[in-house]
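Heads up: the protein sequence lines correspond to chains G and L, in order.
Counting in the numbering used here, the first sequence runs from 4 upward without gaps.
Counting in the numbering used here, the second sequence runs from 4 upward without gaps.
Protein chains: 2
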Amino acid sequence: MTTNRARLIPLGGAAEVGRNMWVLEYADEILILDCGVMFPEADMLGVDLVLPDITYLRDRTEKIKGILLSHGHEDHIGAVPHLIGDLGFPPIYGTRLTIGMVSAKLKERKLLDQTTLHTIDDRQSFRVGLFEVEPFHVAHSIPDTVGFAITTPVGLVIYLTDWKFDHTPVDGKPTDIDALARLGHRNPLVLITDCVRVESRGYTPSEATVGEAFDTIFATAPGRIILATFASNVSRVQQVIESAQAYGRKMVLAGRSMENISRIAFDMGFLKAEPGTLIRPHEMNSYMDDQIAVMCTGSQGEPMAALSRMANRDYPHVKIKDGDTVVFSATPIPGNEVSVSRVINNLFRLGADVVYGGTSGVHVSGHAAQEELKMLLALLRPTYIVPFHGDYRHMVLYRKMVLGMGEQFPPESVLLAEGGSIMEFDAEFGRIVGKTHVGNIYVDGTSVGDVDNVVVRDRQMLSKDGILMVVVSIDSTNGNIVAGPDIVSRGFVYMRQSTDLIEATKDTVRKALNNDSSESNTTVDTAFVNRKIKDVVSEFLYRETRRRPMVLPLVMEV
Amino acid sequence: MTTNRARLIPLGGAAEVGRNMWVLEYADEILILDCGVMFPEADMLGVDLVLPDITYLRDRTEKIKGILLSHGHEDHIGAVPHLIGDLGFPPIYGTRLTIGMVSAKLKERKLLDQTTLHTIDDRQSFRVGLFEVEPFHVAHSIPDTVGFAITTPVGLVIYLTDWKFDHTPVDGKPTDIDALARLGHRNPLVLITDCVRVESRGYTPSEATVGEAFDTIFATAPGRIILATFASNVSRVQQVIESAQAYGRKMVLAGRSMENISRIAFDMGFLKAEPGTLIRPHEMNSYMDDQIAVMCTGSQGEPMAALSRMANRDYPHVKIKDGDTVVFSATPIPGNEVSVSRVINNLFRLGADVVYGGTSGVHVSGHAAQEELKMLLALLRPTYIVPFHGDYRHMVLYRKMVLGMGEQFPPESVLLAEGGSIMEFDAEFGRIVGKTHVGNIYVDGTSVGDVDNVVVRDRQMLSKDGILMVVVSIDSTNGNIVAGPDIVSRGFVYMRQSTDLIEATKDTVRKALNNDSSESNTTVDTAFVNRKIKDVVSEFLYRETRRRPMVLPLVMEV
């Protein structure tokens, strides 16, 4: 790398699953911006999480001076416990709530003692290595979110992800527009910004409008009110507490992550409730239905979350019934539409009234819409702009929008950087100069990275046409069949109803092996016999069924 | 059944996948209304289609007097070739285009000769058994769509699925409002109606608005224009032809179903083009890019459809490049959002401009919105209303909407019938009285119904944590291990990197079997040994990996 330039690299897997970890590098020093997990796409079967690929950092760990965390959402802090060790335990910087949430994660993994955590103030600058970092407050769907203005030897880099201009947020702290205006006067070199809502015109409505919608529901619902949102949407939980208090309802928190995150937020003062407002689930029996509000997880239709279990009458203390009002205070993330829809249908079947969707007013996004994105650019006037936190299409539409703002932003000012793109900047230069390796690192069960692409590909194949195994024992001295062929199949045909097909498959194997033994009856080449069985059986099954199950031969020599 | 009542039953699988086949029964006669396929949900792995479950009709085939088809969409005619034989080849009634499309399907399956097809006129009533059937024209996203007013001994039953009030449709034939008004004067007993767009307020915009959006694109696109829609959306294809002609472009049809359905529509005069407008794909080279429009399949992101292949640069004759404009003239069906999104991202990556989504004006729905649904009720004033063609939530919201229209529709007038619900009606009575069995009949590869729930459940399990097989040969005389245990695994762990785990699993098996043989060393109970291996291995693997692969033991006696 040219030593007098700064490098910026979004790490992560395939572009579509996000790039929630950034490398800012100058000379011998690296600053990491956020360290989040990504959620698997539908065809990553059985995968729980996807981690950023830190190949680029493997032989540069001694350069890493620190990790800056912008806010406490999973896609910005979730990879910390998985990667902190591999990164050499660099110090972590974040605001009070963010550090609170990341501490809980580190504690769970027994990594808290080894990690240095610095709680920062959103108006107080600090130094990490050669980088001067000025945090500034922004409004988002979790309190205590910040952007970072980072002074590097080549210029000012502004990292501003997950934000909106909300002039009436729940916590009373709107985006620090004054800070942005002052940064704009300092001729910023690069702006990294969220662009995921570029398809939405106008402004994202304020959190305050959701409170109004909640009040209407609390004023009219005849029975219990059950509200689902992301557990990390602390402001939303606060709004429900306030409506509950205003309309004389007790409130219950349901779902493990809802309880955990709310506990941290209460402890730190980000959630406030009058004494007696919150009750435990088993205390609900002491109140009338119209004195109860339940705040729960499951707004994405996740099968094991509290709301899905309530919809299946599988949740202790809360069985959905006639007169209940269920509120989805969230939008389905792409890919979750069908499971959300299923939960809504089940809730209606059990007699609940369900409030959901765009026109109901019970949810607003935490991200900026078009006019806000333009307003930010008008305030900051950066030389280079790197849109992220969206699909490729959002980045393209964002660039179109920027170019529509006139000659102040020439086409080369917007860089469309996908995962692994290496960008370099100085006062005269800003361009993608190369690419580092990024793959998908899967987390599945307890272990990181041991489910790789081969395993996921196998699962895709198994899920399509199933598997058929052929097992045969042969005499190692002469190649004669001693036992079998036996056939076991799963996910292909229902074996009990397919005896003819199974028998015919066995015959095919027998014929194939007899031919072989006549050709060479002295040595037995297991690999060859395996291959032979695989080929003849695959071909036979496709001819008979037009399907291609995974065929797995196993030859045992006895 | 009470002989003086009429029965109405929606057949089909789980409610969420639709109920696109209806039984209308009176005394000894049955009329079938539509016979469509349903598309599998995401967790029905490897399933191509889902058929209605005709269990109810199995011992009633001699009663079936005919099948009425409302229009030519797959979810209304697609099951005909699969089920016509089992139904005893009853005569089929449909309009010209519908019969044309169903004929092509029957011909492909070599069933055309055995089937009686009656082409009906949408203003001419006809008799099927004791039922007097009056078809009437309705506007929808395919031409030649009709509703049916069926006079039964107990009253008038109106079957009106897949419709909207479009006063300016492409084919110049709006919904026959006069016919509906006249039916309203005849005191209809039951109305069966589409309710899928009850969440949308106001009116569905006219097809004419799409033509205007197309004209704007055709007037300004700098290069080729590639438009994707459902092949069956004949009116949309006609609109593209007209824009192409108006702006001096040649038009290519791409994708097998696009070519097949368009051929039928051209032959019957439902599609019209000036001579020379349509060209073959290989002729595109003779024209400039701004003289080309391509109409193709793939609007749902289907991986093998023309547009997806173009987006992967895998389609002959059309490789996406800078300057291309791609138009998605369709809305993603729930569940397809992610794959559509992926195709859009890839098209942008290749340099195309992509036009899609709600605000672009390039698509309107074929279904009625709230105000249209209310207008229909105001015209018909039926005693009973059965909403369908939507999820359960749509049915509930529809009932809410109906009850909001005042006392003319009391709560008991709206029947929420899921798949298999048996409804009975007479002048004094209208209620769900029972339920017949309905399951999911899967079509996968060539054969119908041989992929059942067991197979799909296995695929779900395989797709989550994969499979691990343990094979061992034992001496049938003494139970000693002769060969193995061998272990083969797919979709669980990457075997090459997991030798320790595999070896430890083998040890677990050996230990378990040694214990057994000491207990009983005279007879070998293979089933017991199988069970034992399954249990110890499952437990061991869960302890080591927190995953639950399908464990499949296979004991061979030699």
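Backbone N, C-alpha and C define an ideal beta-carbon position, used for all residues, glycine too.
Within-9 Å CB hit, residue i to chain L
| i | result |
| --- | --- |
| F331(G) | no |
| F531(G) | no |
| S520(G) | With a pLDDT of 48 at S520(G), under the threshold of 50, the predicted position of this residue should be treated as unreliable, though the coordinate-derived value follows. It does not; no Cβ of chain L falls within 9 Å. |
| E202(G) | yes |
| V358(G) | no |
| R565(G) | Absent from the structure is residue 565(G), since the part of chain G shown begins at 4 and ends at 561. |
| V399(G) | yes |
| Y206(G) | no |
| G15(G) | no |
Own chain partners of residue i with C-beta closer than 6 Å, once the 5 adjacent residues on each side are dropped
| i | result |
| --- | --- |
| Y401(G) | C198, V201, P390 |
| D453(G) | Below a pLDDT of 50, predicted positions are generally treated as unreliable, and D453(G), at 47, falls in that range; the measurement from the model is reported next regardless. For D453(G), where only same-chain residues beyond five positions count, there are no Cβ hits under 6 Å. |
| V532(L) | V558 |
| L120(G) | I95, I102 |
| L353(L) | I323 |
| A234(L) | S260, M261, I264, T300 |
| K535(L) | A515 |
| M313(L) | V321, I323 |
| L109(L) | P84, L115, T118 |
Beta-carbon contacts of residue i that lie in its chain and below 7 Å, excluding the five residues immediately before and after
| i | result |
| --- | --- |
| G279(G) | none |
| R99(L) | T122, D147, M271 |
| N524(G) | Residue placement at N524(G) cannot be trusted, given a pLDDT of 47 that sits under 50; the coordinates are not used to answer. |
Residue i: contacting residues in chain G (beta-carbon distance under 7 Å)
| i | result |
| --- | --- |
| L563(L) | Outside the displayed range of chain L (4 to 561) lies residue 563(L), so it cannot be described from this structure. |
| S476(L) | S476, A486, M559, V561 |
| D325(L) | Chain G residues near D325(L): none, gap ~12 Å exceeds 7 Å. |
| F351(L) | Y395, R396, V399 |
| S344(L) | P337, D394 |
Contacts of residue i in chain L (Cβ-Cβ under 8 Å)
| i | result |
| --- | --- |
| F338(G) | The sequence shown places Gly at residue 338(G), not Phe. Within 8 Å Cβ-Cβ: E340, V341. |
| L555(G) | M472, V491, R493 |
Cross-chain neighbours of residue i in chain G, by beta carbon under 8 Å
| i | result |
| --- | --- |
| L465(L) | R462, L465, S466, G469, I470, R493, G494 |
Test: residue i CB closer than 9 Å to a CB of chain G
| i | result |
| --- | --- |
| N236(L) | no |
| T362(L) | yes |
Integer-rounded CB distance, given that residue j should sit under 8 Å from residue i
| i | j | result |
| --- | --- | --- |
| I244(L) | T328(L) | That pair is no contact at about 17 Å. |
| V173(G) | E210(G) | 5 Å |
| T58(G) | H440(G) | 5 Å |
| N236(G) | I145(G) | 7 Å |
| F428(L) | A107(L) | That pair is no contact at about 36 Å. |
| N348(L) | Y395(G) | 4 Å |
Close beta carbons around residue i, own chain, < 8 Å, minus the five adjacent residues each side
| i | result |
| --- | --- |
| Q411(G) | R384 |
Per the contact definition of three or more C-beta pairs closer than 8 Å, is the stretch 26–39 of chain G in contact with the stretch 65–79 of chain G?
yes
contact_flag[the stretch 160–169 of chain L, the stretch 339–356 of chain L] where n(CB pairs < 8 Å) is 3 or more:
no
Hey, is the stretch 363–383 of chain L in contact with the stretch 415–435 of chain G, meaning 3+ C-beta pairs nearer than 8 Å?
no
Do the stretch 314–323 of chain G and the stretch 236–253 of chain G touch if we need at least three Cβ pairs shorter than 8 Å?
no
Indicate whether the contact test is met: 3 or more Cβ pairs, each with one atom in the stretch 128–144 of chain G and one in the stretch 213–227 of chain G, closer than 8 Å.
no
Would you be able to state if there are at least three C-beta pairs under 8 Å between the stretch 84–91 of chain G and the stretch 26–33 of chain G?
no
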